[in-house]
Amino acid sequence: MELSPTRNDRIAGHYAEVRRSPRPPTSDGTATTSVRATARVALRRFGQLGRCRRGVAALEFALLVTPLMIITFGFISISLALYTMSLMQGAAQYAALVVATGQTTSLSTGPISTTNTTATTTCSGSLSSTQAEYYACQGLPGWATFTVTTTENCAIPSVSVSLSVKATAAALVDFFGIFPGGTLTSNAVVMKEGTCP
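Printed below as a string of structure tokens:
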């Protein structure tokens, strides 16, 4: 007794015949490949790729590393900027207190007088301990260039010290342009003790 082939057997046999059937030669004598057969092979390989788990970890790492690096360096940039700002505020307050209490009576432009009440300079090693700006520049990070302005106002007996730095220099690793063109400024105003010049 012979069994009749099932539908799956007929389909499998049909594909076997299609695979075994010779391709008609082209004019130059080479065999051609049908578009349908090429598409079938491509779909089969694509299906195999969908089931393949090789390289999944590398792909996930590649997709996650960029946002992770942006977040990491963003935190570093912001924390360095805040750290620099904190140091600037402490230095400005200390310099204002030194001038207000009369511990130093000179600016980088000379002794404080009625004609010499304001001085602006860049923090550098050339400042001496007799100048008010020297105290404003102490303890600041060395990776940025700071500008200090010291003013003594006798109309309201007070001393103000202002420190400023470019935000990109303060952040040190601003790879992603978090602080484009900004300036960090720290001000301290202290009432003047004693007499004004």
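Be aware that the sequence shown starts at 3, since it is given in my numbering, and climbs by one per residue.
Ideal placement from N, C-alpha and C gives every residue a C-beta, glycine not left out.
Bear in mind that the values here come from a model prediction, so they are computed numbers and not experimental data.
Does the contact criterion of 3 or more C-beta pairs under 8 angstroms hold for the segment 63-75 versus the segment 126-134? no
Have a look at V20 and R53 and give me their C-alpha separation to the nearest angstrom. Because V20 sits at a pLDDT of 49, beneath the cut-off of 50, its placement in the model cannot be relied upon, and the following sentence gives the value as read from the coordinates. Whole-angstrom Cα-Cα distance: 26 angstroms.
C-alpha gap between V175 and G144, whole angstroms: 14 angstroms
How would you write the range of the beta strand (DSSP E) that L186 sits in, first residue to last? T185 to M193
Whose C-beta lies closer than 7 angstroms to the C-beta of Y136 among residues of the same chain, with five residues either side of it excluded? Correct list, in chain order: L129 and S130.
Spell out the partners DSSP gives N155 in its beta bridges. S160
Where L1 sits in the DSSP three-state scheme: With the chain running from 3 to 199 in the structure shown, residue 1 is simply not present.
Hey, out of R38, T103, I180 and A190, whose CA is closest to C198's CA? T103
What does T149 pair with, by DSSP beta-bridge criteria? Beta-bridge partners assigned by DSSP to T149: T124 and S166.
Whose C-alpha, out of M71, P69, I78 and V43, is nearest the C-alpha of F181? I78
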